[in-house]
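Notes for the one structure printed next.
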Amino acid sequence: MRFFRPSRLGWIVIGILLLPIVGQILFTLLPGVGSYVVLSGSMTPSLKPGSVVYTHDSSHYESGDAITFVQNGELITHRIVRKTTDGFVTKGDARTYPDSFVVHRDQIRGEVVLSVPLYGYLVHPVFSRSAYLYAIVLGGVLIGSAGYFFTQME
Numbered sequence: 464m465r466f467f468r469p470s471r472l473g474w475i476v477i478g479i480l481l482l483p484i485v486g487q488i489l490f491t492l493l494p495g496v497g498s499y500v501v502l503s504g505s506m507t508p509s510l511k512p513g514s515v516v517y518t519h520d521s522s523h524y525e526s527g528d529a530i531t532f533v534q535n536g537e538l539i540t541h542r543i544v545r546k547t548t549d550g551f552v553t554k555g556d557a558r559t560y561p562d563s564f565v566v567h568r569d570q571i572r573g574e575v576v577l578s579v580p581l582y583g584y585l586v587h588p589v590f591s592r593s594a595y596l597y598a599i600v601l602g603g604v605l606i607g608s609a610g611y612f613f614t615q616m617e
């Protein structure tokens, strides 16, 4: 009787496909931790498009901290350049002038504590509205891999 036994290459392929997704889910389950994909170049060179930033809630923000906040329904990651009595003035590292608005404490999602370049290109499709397309492609790859495994039976 023959048993199905995936090849070592097959396990490596599955690991490469699933590890980023599982890691993303587990890491963001930690209390006070958020993750966001950088979509624009406003923070280059420190944060490039496609990077994932991980944030942590803080009770104290100061000049120089990179923060992620909500402004008009959009998430933005910029650096604090000045505190005011109303909140914080921010600016993207690649920008010449500060933002024209003040960020209030209740808009802040957290301070950036870690960034992973290019990681957003892997995880963003999974956690975005177009996840179904990514699932179809991933499903096709997994089905193709399964077909390969069956040809490697011992």
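Heads up: the sequence shown is residues 464 to 617, going by this note's numbering. All C-beta atoms, glycine included, are put in the ideal place defined by N, C-alpha and C.
Would a C-beta distance cut-off of 8 Å place residue i and residue j closer than the cut-off?
{"i": "V552", "j": "V533", "result": "no"}
{"i": "A529", "j": "V476", "result": "no"}
{"i": "S505", "j": "R558", "result": "yes"}
{"i": "D520", "j": "G495", "result": "yes"}
{"i": "L480", "j": "V600", "result": "no"}
{"i": "P483", "j": "V586", "result": "yes"}
{"i": "L581", "j": "G513", "result": "yes"}
{"i": "G478", "j": "Y611", "result": "no"}
From this set, the options, which residue's C-alpha is nearest residue i's C-alpha?
{"i": "G555", "options": "D549, V501 and L492", "result": "V501"}
{"i": "L492", "options": "Y517, D562 and A529", "result": "Y517"}
{"i": "K546", "options": "Y524, S608, Y560 and D520", "result": "Y524"}
{"i": "H541", "options": "T548, D549 and K511", "result": "K511"}
{"i": "G583", "options": "Y560, G486, W474 and R471", "result": "G486"}
{"i": "L538", "options": "S563, Q570, Y560 and P561", "result": "Q570"}
{"i": "T531", "options": "S608, I488, R568 and L489", "result": "R568"}
{"i": "V579", "options": "F490, S470 and R471", "result": "F490"}
Rounded to the nearest angstrom, how far is the Cβ of residue i from that of residue j, given a contact under 8 Å?
{"i": "I543", "j": "S526", "result": "5 Å"}
{"i": "V515", "j": "S498", "result": "6 Å"}
Do we get a CB-CB distance below 8 Å when we pair residue i with the residues of chain C?
{"i": "V604", "result": "The question asks about chain C, but that chain is absent: this structure has only one protein chain."}
Practice problem: Scan the segment 464-501 and note each continuous alpha helix (DSSP H) run of 4 residues or more that stays entirely inside, going in chain order. | Solution: Complete alpha helix (DSSP H) runs here, min 4: 471-491.
Quiz item: What are the complete beta strand (DSSP E) segments, minimum 3 residues, inside the segment 508-592?
Solution: Correct list: 515-519, 529-534, 537-546, 551-554 and 571-579.
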